[in-house]
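Read the structure below first, then the notes.
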Amino acid sequence: MEQGVSIQVSGSADHQFYRRRHNSTIAFAIGILLFLLPFVEFKCGNMALIGNSGIGLVIGSHWKVSSSWAKNELRERMGKGKTEAESLLKDGPNIFAIAALAAGLFGLGIAFSSFNWRSMAGMCAGILAALMLIAVMVKFKIEMRGLTSGKKLGDDQLGLDVGGLLKIQFTIWYYFSLLAFIAAAFFNYMRDKLALRDAMAAAVDFDFQRQEQAPGN
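Each residue of the sequence shown is one higher than the one before, starting from 29 at the first, in the working numbering.
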(Lines of atoms letter the chains of each structure in order from A; the text may use other names.)
(Lines give C-alpha, C1' and ligand atoms only; values in the text may rest on other atoms or scores of the structure.)
Protein backbone atom coordinates (compact mmCIF):
# COMPACT_ATOMS: atom_id res chain seq x y z
CA MET A 29 0.00 0.00 0.00
CA GLU A 30 2.73 2.42 0.97
CA GLN A 31 4.64 1.53 -2.16
CA GLY A 32 1.66 2.42 -4.37
CA VAL A 33 1.20 5.75 -2.58
CA SER A 34 4.88 6.60 -2.92
CA ILE A 35 4.73 5.92 -6.67
CA GLN A 36 1.78 8.27 -7.08
CA VAL A 37 3.32 11.03 -4.97
CA SER A 38 6.65 10.76 -6.76
CA GLY A 39 4.89 10.89 -10.13
CA SER A 40 3.13 14.14 -9.23
CA ALA A 41 6.08 15.79 -7.51
CA ASP A 42 8.63 15.92 -10.34
CA HIS A 43 8.54 17.98 -13.52
CA GLN A 44 6.44 20.64 -11.81
CA PHE A 45 7.61 23.20 -14.32
CA TYR A 46 6.08 21.30 -17.24
CA ARG A 47 2.87 20.71 -15.31
CA ARG A 48 2.16 24.43 -15.13
CA ARG A 49 -0.69 25.24 -17.44
CA HIS A 50 0.39 28.81 -18.08
CA ASN A 51 3.75 27.92 -19.65
CA SER A 52 2.24 27.24 -23.05
CA THR A 53 -0.21 30.13 -22.62
CA ILE A 54 2.67 32.58 -22.16
CA ALA A 55 4.62 31.05 -25.05
CA PHE A 56 1.64 31.37 -27.41
CA ALA A 57 0.99 34.95 -26.25
CA ILE A 58 4.62 35.92 -26.88
CA GLY A 59 4.61 34.33 -30.33
CA ILE A 60 1.43 36.21 -31.25
CA LEU A 61 2.49 39.59 -29.85
CA LEU A 62 5.76 39.44 -31.78
CA PHE A 63 3.70 39.66 -34.98
CA LEU A 64 3.41 43.37 -34.21
CA LEU A 65 7.17 43.81 -34.69
CA PRO A 66 9.22 43.79 -37.92
CA PHE A 67 9.55 40.28 -39.34
CA VAL A 68 11.30 40.70 -42.68
CA GLU A 69 13.49 43.27 -44.42
CA PHE A 70 14.84 43.74 -47.91
CA LYS A 71 18.39 45.02 -47.77
CA CYS A 72 20.75 46.58 -50.24
CA GLY A 73 24.12 45.55 -48.90
CA ASN A 74 23.86 46.15 -45.15
CA MET A 75 21.20 48.87 -45.37
CA ALA A 76 17.52 48.01 -44.90
CA LEU A 77 15.39 49.49 -47.68
CA ILE A 78 11.91 48.17 -46.93
CA GLY A 79 10.41 45.97 -44.26
CA ASN A 80 7.17 44.56 -42.95
CA SER A 81 5.83 43.28 -39.65
CA GLY A 82 4.22 39.94 -39.02
CA ILE A 83 0.76 41.47 -38.85
CA GLY A 84 1.57 43.43 -42.01
CA LEU A 85 2.20 40.15 -43.82
CA VAL A 86 -1.09 38.80 -42.47
CA ILE A 87 -3.25 41.70 -43.65
CA GLY A 88 -1.19 42.51 -46.74
CA SER A 89 -0.24 46.06 -45.77
CA HIS A 90 2.29 48.22 -47.61
CA TRP A 91 5.93 47.46 -47.03
CA LYS A 92 7.39 50.28 -44.97
CA VAL A 93 10.35 52.16 -46.42
CA SER A 94 13.06 52.54 -43.80
CA SER A 95 13.85 56.20 -44.50
CA SER A 96 13.13 59.09 -46.84
CA TRP A 97 16.51 58.46 -48.45
CA ALA A 98 15.57 54.86 -49.18
CA LYS A 99 12.21 55.96 -50.61
CA ASN A 100 13.85 58.47 -52.94
CA GLU A 101 16.54 55.98 -53.86
CA LEU A 102 14.00 53.32 -54.74
CA ARG A 103 11.88 55.76 -56.71
CA GLU A 104 14.87 57.07 -58.63
CA ARG A 105 16.41 53.71 -59.44
CA MET A 106 13.09 52.13 -60.37
CA GLY A 107 12.25 55.08 -62.61
CA LYS A 108 8.71 55.18 -61.27
CA GLY A 109 6.41 57.91 -60.03
CA LYS A 110 5.25 58.06 -56.44
CA THR A 111 2.01 56.14 -57.01
CA GLU A 112 3.63 53.48 -59.19
CA ALA A 113 6.51 52.98 -56.80
CA GLU A 114 4.21 52.58 -53.81
CA SER A 115 2.05 50.08 -55.69
CA LEU A 116 5.10 47.86 -56.09
CA LEU A 117 5.50 47.87 -52.30
CA LYS A 118 1.96 46.57 -51.84
CA ASP A 119 1.60 42.84 -51.39
CA GLY A 120 -1.49 40.75 -50.72
CA PRO A 121 -2.10 38.84 -47.49
CA ASN A 122 0.38 36.02 -46.98
CA ILE A 123 -1.58 32.79 -46.56
CA PHE A 124 1.19 31.16 -44.52
CA ALA A 125 1.40 34.10 -42.13
CA ILE A 126 -2.39 34.00 -41.74
CA ALA A 127 -2.26 30.27 -40.94
CA ALA A 128 0.57 30.79 -38.43
CA LEU A 129 -1.30 33.53 -36.58
CA ALA A 130 -4.57 31.55 -36.66
CA ALA A 131 -2.84 28.48 -35.23
CA GLY A 132 -1.25 30.60 -32.51
CA LEU A 133 -4.59 32.15 -31.58
CA PHE A 134 -6.21 28.71 -31.49
CA GLY A 135 -3.44 27.41 -29.24
CA LEU A 136 -3.83 30.40 -26.93
CA GLY A 137 -7.59 29.95 -26.77
CA ILE A 138 -7.48 26.21 -26.15
CA ALA A 139 -5.01 26.77 -23.30
CA PHE A 140 -7.79 28.47 -21.33
CA SER A 141 -10.24 25.64 -21.91
CA SER A 142 -10.94 22.67 -19.64
CA PHE A 143 -10.95 20.00 -22.32
CA ASN A 144 -8.97 16.85 -21.56
CA TRP A 145 -7.39 17.01 -25.00
CA ARG A 146 -6.25 20.63 -24.73
CA SER A 147 -2.56 19.67 -24.35
CA MET A 148 -2.61 17.58 -27.51
CA ALA A 149 -4.49 20.29 -29.40
CA GLY A 150 -2.07 22.93 -28.10
CA MET A 151 0.90 20.85 -29.22
CA CYS A 152 -0.57 20.49 -32.72
CA ALA A 153 -1.32 24.23 -32.84
CA GLY A 154 2.25 25.11 -31.84
CA ILE A 155 3.73 22.77 -34.43
CA LEU A 156 1.43 24.12 -37.15
CA ALA A 157 2.23 27.74 -36.27
CA ALA A 158 5.97 27.03 -36.40
CA LEU A 159 5.70 25.18 -39.72
CA MET A 160 3.68 28.01 -41.26
CA LEU A 161 6.27 30.58 -40.16
CA ILE A 162 8.97 28.46 -41.78
CA ALA A 163 6.80 28.32 -44.91
CA VAL A 164 6.72 32.14 -44.91
CA MET A 165 10.51 32.18 -45.04
CA VAL A 166 10.68 29.52 -47.75
CA LYS A 167 8.16 31.43 -49.87
CA PHE A 168 10.16 34.65 -49.68
CA LYS A 169 13.43 32.83 -50.37
CA ILE A 170 11.95 31.28 -53.51
CA GLU A 171 10.57 34.64 -54.66
CA MET A 172 13.90 36.27 -53.91
CA ARG A 173 15.67 33.69 -56.03
CA GLY A 174 13.42 34.60 -58.94
CA LEU A 175 14.07 38.29 -58.30
CA THR A 176 17.85 37.98 -58.27
CA SER A 177 17.78 35.84 -61.40
CA GLY A 178 16.09 38.73 -63.18
CA LYS A 179 12.83 36.92 -63.92
CA LYS A 180 10.63 39.32 -61.97
CA LEU A 181 12.62 42.53 -61.90
CA GLY A 182 15.63 42.95 -64.10
CA ASP A 183 18.80 44.63 -62.90
CA ASP A 184 18.11 47.49 -65.31
CA GLN A 185 14.74 48.21 -63.73
CA LEU A 186 16.24 48.67 -60.29
CA GLY A 187 19.44 50.20 -61.53
CA LEU A 188 21.32 47.82 -59.26
CA ASP A 189 23.34 44.68 -59.49
CA VAL A 190 20.45 42.94 -57.76
CA GLY A 191 22.05 39.54 -57.54
CA GLY A 192 25.00 40.93 -55.65
CA LEU A 193 23.40 43.60 -53.44
CA LEU A 194 19.72 42.97 -52.79
CA LYS A 195 18.89 40.35 -50.19
CA ILE A 196 16.06 39.37 -47.88
CA GLN A 197 16.62 39.00 -44.16
CA PHE A 198 14.28 37.89 -41.40
CA THR A 199 14.60 39.78 -38.15
CA ILE A 200 15.30 38.45 -34.68
CA TRP A 201 11.62 39.00 -33.81
CA TYR A 202 10.62 36.49 -36.47
CA TYR A 203 12.94 33.90 -34.96
CA PHE A 204 11.74 34.66 -31.43
CA SER A 205 8.15 34.13 -32.57
CA LEU A 206 9.15 30.85 -34.22
CA LEU A 207 10.91 29.69 -31.05
CA ALA A 208 7.93 30.73 -28.91
CA PHE A 209 5.58 28.52 -30.92
CA ILE A 210 8.05 25.63 -30.77
CA ALA A 211 8.30 26.10 -27.00
CA ALA A 212 4.50 26.14 -26.70
CA ALA A 213 4.30 22.86 -28.60
CA PHE A 214 7.00 21.33 -26.38
CA PHE A 215 5.31 22.46 -23.15
CA ASN A 216 2.01 20.95 -24.28
CA TYR A 217 3.75 17.73 -25.28
CA MET A 218 5.42 17.41 -21.89
CA ARG A 219 2.20 18.16 -20.01
CA ASP A 220 0.31 15.58 -22.05
CA LYS A 221 3.08 13.04 -21.49
CA LEU A 222 3.08 13.63 -17.72
CA ALA A 223 -0.72 13.45 -17.57
CA LEU A 224 -0.59 10.08 -19.31
CA ARG A 225 2.11 8.87 -16.93
CA ASP A 226 0.06 10.01 -13.92
CA ALA A 227 -2.97 8.17 -15.26
CA MET A 228 -0.93 5.00 -15.69
CA ALA A 229 0.52 5.35 -12.18
CA ALA A 230 -2.97 5.84 -10.75
CA ALA A 231 -4.19 2.73 -12.59
CA VAL A 232 -1.28 0.69 -11.22
CA ASP A 233 -1.93 2.01 -7.72
CA PHE A 234 -5.64 1.17 -7.98
CA ASP A 235 -4.84 -2.35 -9.18
CA PHE A 236 -2.33 -2.76 -6.35
CA GLN A 237 -4.89 -1.68 -3.76
CA ARG A 238 -7.47 -4.07 -5.19
CA GLN A 239 -5.01 -6.95 -4.98
CA GLU A 240 -4.22 -6.02 -1.37
CA GLN A 241 -7.91 -6.07 -0.45
CA ALA A 242 -8.71 -9.27 -2.35
CA PRO A 243 -7.50 -11.80 0.33
CA GLY A 244 -9.73 -10.23 2.98
CA ASN A 245 -12.92 -10.57 0.94
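C-beta: ideal position from N, C-alpha, C; glycine also.
By DSSP's assignment, F198 forms a beta bridge with V68. Distance from the Cα of M160 is smallest, within the candidate group S147, S142, E171, L129, for L129. In the three-state DSSP reduction, N80 falls in the strand class (E or B). With fewer than 16 neighbouring CB atoms inside 10 Å of its own CB, R173 falls in the exposed class.
Contact check between the segment 74–82 and the segment 44–58: fewer than three CB pairs, one atom from each, fall below 8 Å, which does not count as touching. Contact between the segment 147–161 and the segment 118–137 is present, with at least three C-beta pairs closer than 8 Å. Excluding residues up to 5 positions away in sequence, A55, F56, I58, G59, L62 lie with their Cβ nearer than 8 Å to the Cβ of A208 in the same chain.
For M75, the beta-bridge partners assigned by DSSP are C72. Counting along the chain, the unbroken alpha helix (DSSP H) around S52 starts and ends at 50–61. Comparing alpha carbon positions, the residue from R49, V68, A139 closest to Y203 is V68.
Here V86 really is in contact with N122; their C-beta atoms are around 7 Å apart, less than 8 Å. Put simply, the backbone Cα of K169 is about 36 Å away from that of D220. Taking C-alpha positions only, S81 is separated from I155 by approximately 21 Å. Across the set R48, H90, M218, H43, the C-alpha of M218 shows the shortest separation from the C-alpha of M148.
DSSP places S141 in the coil class of the three-state scheme, outside both helix and strand. L222 and I83 have their C-alpha atoms spaced approximately 35 Å apart.
Out of W201, A131, R146, the CA that lies nearest to the CA of I138 is found in R146. Counting every other CB atom within 10 Å of its CB across the protein chains shown gives G132 a total of 16 or more, marking it as buried.
Short of 8 Å from the beta carbon of G88, and not among the five residues preceding or following it, lie these beta carbons of its own chain, in chain order: K118, D119, G120, P121, N122. Distance from K92 to Q197 at the Cβ level is roughly 15 Å; contact not present, criterion being Cβ atoms closer than 8 Å.
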